[in-house]
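Participant: Can you keep this structure in mind? I'll have questions shortly.
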Amino acid sequence: MSAPVPALEIIALQKYFGGLPATQDVSLSVMQGERRLMIGPNGAGKTTLFNQITGDFLPTSGAIKLFGRDITQLSLHQRAHLGISRTYQIITLFGKNTLEHNIVLSLLGLSPSRWNALRPLSHYGHLRAEARAMLDRVGLGGLADRRVSEIAYGEKRRVEIAMALAQKPRLLLLDEPLAGLSSEERASVKTFIAAIPRETTLVMIEHDMDTALELADTVTLLNFGKIIVDGTRDEVIRDQRTRMVYLGE
Amino acid sequence: MSRIAAVLALLAMATIPLVAGEFYINLATQILIAAVFALSLNLLVGYGGLTSLGHASFLGFSAYACAWFSTRMGLGPTASVPIAILATTLMAAFFGLIALRATGLGFLMITLALSQVLWGLAYRWVGVTNGDNGMSGITRPEPFGISLASAGNYFWFTLVVSTIAFAMMTMFVSSAFGSSLQGTRDQPLRMAALGHNVWLVRWLTFVYAGFWAGVAGILYIYYHKYIHPTSLSISSSAEGLLSVIAGGAGTLSGPIAGAALLVLLKNYASAYVERWNMLLGFIFVLIVLVIPEGIVPGTRRLLGRLRRGDK
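Chains B and C, in that order, are what the protein sequence lines are.
Under the working numbering, the very last position in the first sequence is 250; numbers go up by exactly one each time.
Under the working numbering, the very last position in the second sequence is 315; numbers go up by exactly one each time.
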C-alpha cells in the first residue's frame with residue numbers, strides 16, 4: 002500500500018502583488034480528515050493563501066493539489082465541484098434574499114438543476130427542505146424565511162458556515178468563523194464545527210486561540226507570507242518561534 | 005392573485021381593437037413591441053446587473069434580416085422569420101463573447117461600440133441595406149390564412165406573441181437558472197465559489213435576451229413595413245434602457261410600464277412639443293427624484309405608505 006494521499010497539498014507556492022510577496026515558498030500538506038488551524042498576525046498572508054486554494058487568485062508559481070489532483074489552474078467554480086467550500090472573513094451573503102434562498106443557491110451550485118430555465122425554483126421542494134434542514138443544524142431553522150439583511154451579525158456568520166456545509170465539501174476552508182461573535186455565540190459555533198464529520202477535511206483561520214486550538218489537530222503559523230512553524234498543536238504551541246511571532250521576544 | 009390580474013389585464017387588452025379607433029390600436033401595438041424589447045433588455049440590466057447600451061442591435065438586425073430575406077431573396081415569412089431570429093441569436097452569441105470580457109462600464113462601452121458598428125454598416129452598406137433610404141416593400145404575413153393587414157388583426161397577433169414572450173421571460177427569471185443569474189448580479193465571486201459558472205450564466209442570458217430582442221424586431225418590421233438605420237442607433241438602445249430603468253429594473257412588469265410611458269410620450273408629446281426629448285428628460289429626472297426604483301416598485305411603495313397612513 003502506498004502512503005495515503007493528502008486532502009490538500011501545497012508545493013512551493015509563491016504569490017506576488019506587484020513586487021510585494023504575499024506568499025513565499027509555502028509548502029504544506031493536510032491529510033484527509035485533519036483539522037488544521039492557520040494562525041499568524043494580521044497581514045501574514047493567511048487569507049491570501051486561502052484565496053489561492055479556492056482559486057480567487059492564481060499563484061505566481063508553485064502548485065496546489067486536491068486529493069492528488071493538480072488544481073492550480075482550475076477556476077473557482079471548477080474547484081467547488083471537486084469538493085472545496087469556503088466561508089469569507091468579510092461576510093458575503095445575498096442580503097436581499099431569505100436565509101433559505103441563500104442555502105438553496107449553495108445547493109444549486111453543485112446541482113445540474115441550476116441550468117434549468119423552464120421550471121420555477123419554487124417547484125424544487127427537496128432543495129428547500131434540504132436548505133431548512135441545514136439551517137436547523139446551525140440553529141437558524143426559525144429564521145429560514147427572514148431576509149439576511151434583517152438578521153444579526155452572529156447569525157450571518159452561521160449562515161456563512163451553513164452555506165459551505167450544505168455542499169458537503171471534502172475540503173472546508175473557514176476564514177475566521179468566530180470573528181465578531183459573543184462568547185455564547187462562539188460556544189455554539191464551536192460545537193457545530195466540532196460536529197462536522199471527519200469525511201470533511203477542515204482548514205481554519207482563526208485568531209481566537211482559546212476556542213480554535215481545541216478544534217485543531219495541527220497548526221500552521223504564518224508570518225510575512227512564510228511558514229514559520231508547522232506541526233501538531235502542542236509542538237507549535239511550545240515552539241520558541243511561536244512566542245517570537247506573538248510576543249516579539 | 006397576480007395570475008388572475010394578469011388574465012384580466014390580458015382580456016381587457018384583447019378588447020382594444022373592438023372599442024378603439026385605428027390610431028389607438030396602433031399605439032397599443034407599438035407599446036407591446038417596445039415592451040417585448042424592454043423586457044428582453046431587463047434580463048440583462050435588471051436581473052443580470054449588466055447594463056447594455058447596444059441592445060437595439062438585436063432588434064434592428066433581426067428587422068433588417070427579415071426585410072432583406074423577404075424583399076431581396078424573395079423568401080416567404082415561414083422561412084425569413086426563423087432565419088432572421090436564428091441569425092440574430094447567433095449574432096448575440098458572438099457579441100456576448102466579446103462584450104462579456106468585461107462587466108460594468110466596460111461591458112456598457114463594448115455593447116455600445118458593437119452596436120455603433122452595425123449602425124454604421126446599415127448606413128454605409130447601401131448595396132445591402134439601401135442606406136439612409138431604408139428598406140421598404142415588406143408585406144405582413146398571413147399565418148393560417150388570417151390576414152394581418154388591418155390594425156386590429158396585427159394588434160391581436162402582437163398581443164399573442166408578446167404574451168408568450170412575457171410568460172417565457174417570467175419563467176426564465178423565476179427558474180433555478182434565473183436565481184443563479186440574480187446571484188451572479190449580487191455576489192459574483194461567492195456564486196463562483198459555490199460552483200456556479202458565472203461567465204456562462206451571463207453569456208446564456210445575453211444570448212436569450214438577444215433572441216427575444218430579435219422577436220421584437222420581427223414584430224417591429226411587420227408593424228412598420230419599413231426599416232431605417234435609426235432603429236439600430238444609440239438612441240434606440242437608450243430608449244430601451246430608459247424604459248427599463250424608468251419602469252423598474254429587475255421587476256417583471258416595470259419594463260412594460262416604462263415602454264408604455266415612452267411610446268405615449270413619443271406619440272403625444274411630439275405632437276405638441278417640438279423638443280419632446282427635453283420633456284422626456286424632464287420626466288426621467290422627476291422619476292429618479294421621486295421614485296428612483298422605477299414606476300412600478302415606486303408606486304407600490306408610495307401606495308403602501310398611503311395605506312399605512314404615514315406622512
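Every residue gets a Cβ at the ideal spot worked out from N, C-alpha and C, and that includes glycine.
Apart from the five residues just before and just after C/Leu317, which ones in its own chain have a Cβ nearer than 7 Å to its Cβ?
Facilitator: Limits of chain C in this structure are 5 at one end and 315 at the other, which puts residue 317 of chain C out of reach.
Participant: When burial is assigned at 16 or more other CB atoms within 10 Å of the CB, is C/Val292 buried or exposed?
Facilitator: C/Val292 should be labelled exposed.
Participant: State the Cα-Cα distance for the pair B/Phe68 and B/Leu166, rounded to the nearest angstrom.
Facilitator: Approximately 19 Å between the Cα atoms of the pair.
Participant: Answer with buried or exposed for C/Ala180, where buried requires no fewer than 16 other C-beta atoms within 10 angstroms of its C-beta.
Facilitator: Buried, since its Cβ has 16 or more Cβ neighbours within 10 Å.
Participant: Residues of chain C with CB closer than 7 Å to the CB of B/Gly110, please, in chain order.
Facilitator: Ordered by position in chain C, the residues that pass the 7 Å Cβ test against B/Gly110 are Leu198, Gly199 and His200.
Participant: What does the alpha-carbon distance come out to for the pair C/Gly313 and C/Val294?
Facilitator: Cα-Cα distance, rounded: 18 Å.
Participant: DSSP three-state call for B/Ala23: helix, strand or coil?
Facilitator: Strand, per DSSP.
Participant: Checking the sheet assignment: what are the DSSP bridge partners for B/Leu223?
Facilitator: B/Leu223 is bridged to B/Ile228.
Participant: Quick check on C/Asp190 - is its C-beta less than 8 Å from some C-beta in chain B?
Facilitator: It does: the Cβ of C/Asp190 has a partner Cβ on chain B nearer than 8 Å.
Participant: According to a CB-to-CB cut-off of less than 9 Å, which residues of the region 72-91 of chain B neighbour chain C?
Facilitator: Listed by position, the residues of the region 72-91 of chain B near chain C (Cβ gap below 9 Å) are Ser76, Leu77, His78, Gln79, Arg80, Ala81, His82, Ile85, Ser86, Arg87 and Tyr89.
Participant: Could you check what DSSP says for B/Ser114 in three-state terms: helix, strand or coil?
Facilitator: In this structure, B/Ser114 counts as helix in the three-state DSSP scheme.
Participant: Within the chosen definition, does the region 223-233 of chain B reach the region 18-37 of chain B through at least 3 CB pairs nearer than 8 Å?
Facilitator: Output reads yes: the region 18-37 of chain B touches the region 223-233 of chain B.
Participant: For B/Lys157, is the classification buried or exposed, using 16 other Cβ atoms within 10 angstroms of its Cβ as the cut-off for buried?
Facilitator: So B/Lys157 counts as buried.
Participant: How should B/Asn43 be labelled, buried or exposed, when 16 other C-beta atoms within 10 angstroms of its C-beta is the threshold for buried?
Facilitator: Flag for B/Asn43 reads exposed.
Participant: Alpha carbon to alpha carbon, what distance is there between B/Glu131 and C/Ser184?
Facilitator: So the alpha carbons of these two residues sit roughly 18 Å apart.
Participant: Would you please verify whether the beta carbon of B/Leu29 is less than 8 Å from any beta carbon of chain C?
Facilitator: False, the Cβ-Cβ gap to chain C never drops below 8 Å.
Participant: Anything in chain B within Cβ reach of C/Phe181, meaning under 7 Å, just list it in chain order.
Facilitator: Near C/Phe181 (Cβ distances below 7 Å), the residues of chain B are Arg115, Trp116, Asn117 and Ala118.
Participant: Cα-Cα, which of C/Trp123, C/Leu47 and C/His228 is closest to C/Thr234?
Facilitator: For C/Thr234, the nearest C-alpha among the options comes from C/Trp123.
Participant: Output the distance between the C-alpha atoms of C/Glu297 and B/Val190, rounded to the nearest integer angstrom.
Facilitator: Roughly 38 Å between the two C-alpha positions.
Participant: Our contact map puts C/Ile225 next to C/Ala71 with C-beta atoms below 8 Å; I'd like the distance itself, whole angstroms only.
Facilitator: Going by Cβ atoms, the distance from C/Ile225 to C/Ala71 rounds to 6 Å, so yes, they are a contact pair.
Participant: Shortest alpha-carbon distance to C/Leu31 belongs to which of C/Leu268, C/Gly135, C/Arg279 and C/Phe286?
Facilitator: Closest by alpha carbon: C/Leu268.
Participant: Checking the sheet assignment: what are the DSSP bridge partners for B/Tyr17?
Facilitator: B/Tyr17 is bridged to B/Pro22.
Participant: Going along chain B in order, which residues have a C-beta closer than 8 Å to the C-beta of C/Phe170?
Facilitator: In chain order: nothing, as chain B lies at least about 15 Å away.
Participant: To the nearest angstrom, how far is the alpha carbon of B/Asp218 from that of B/Val204?
Facilitator: Rounded to the nearest angstrom, the two C-alpha atoms are 10 Å apart.
Participant: Please tell me whether C/Pro192 and C/Thr255 are closer than 8 Å, where the distance is taken between their beta carbons.
Facilitator: No; because the gap between Cβ atoms is not below 8 Å, this pair is not in contact.
Participant: Does B/Arg87 pass the burial test, meaning 16 or more other C-beta atoms within 10 Å, or should it be called exposed?
Facilitator: So B/Arg87 counts as buried.
Participant: Please state whether the Cβ-Cβ distance between C/Met173 and C/Trp216 is less than 8 Å.
Facilitator: For C/Met173 and C/Trp216, yes; Cβs fall inside 8 Å.
Participant: Using only CA atoms, which one of B/Asp26, B/Glu101, B/Phe95 and B/Val139 lies nearest to B/Ile65?
Facilitator: Nearest option by C-alpha distance: B/Asp26.
Participant: Taking the beta carbon of C/Glu26 as the centre, do at least 16 other beta carbons fall within 10 Å, making it buried, or is it exposed?
Facilitator: Exposed, by the Cβ-count rule.
Participant: Going along chain C, which residues have a C-beta under 8 Å from B/Pro121?
Facilitator: The contacting residues are Met175, Ser178 and Ser179.
Participant: Measure from the C-beta of B/Thr48 to each C-beta in chain C and report whether the shortest distance is under 8 Å.
Facilitator: B/Thr48 does not count as touching chain C.
Participant: Let me confirm a value: C/Lys315 is counted as buried when at least 16 other C-beta atoms fall within 10 Å, else exposed. Which label applies?
Facilitator: Only weak support exists for where C/Lys315 lies, its pLDDT of 49 falling under 50; the coordinates are left without a value.
Participant: Strictly below 7 Å CB to CB, what residues from chain B border C/Arg194?
Facilitator: Chain B residues near C/Arg194: Thr93.
Participant: Assign C/Lys315 to one of three DSSP states: helix, strand, or coil.
Facilitator: Model confidence at C/Lys315 stands at a pLDDT of 49, short of 50, so the residue's coordinates are unreliable; what they give is reported in the following sentence. If DSSP states are grouped into helix, strand and coil, C/Lys315 belongs with coil.
Participant: Establish whether the CB of B/Lys97 and some CB of chain C are separated by less than 8 Å.
Facilitator: Yes, B/Lys97 counts as interfacial toward chain C.
Participant: Any idea what DSSP makes of C/Ser237, helix, strand or coil?
Facilitator: Coil at C/Ser237, not helix or strand.
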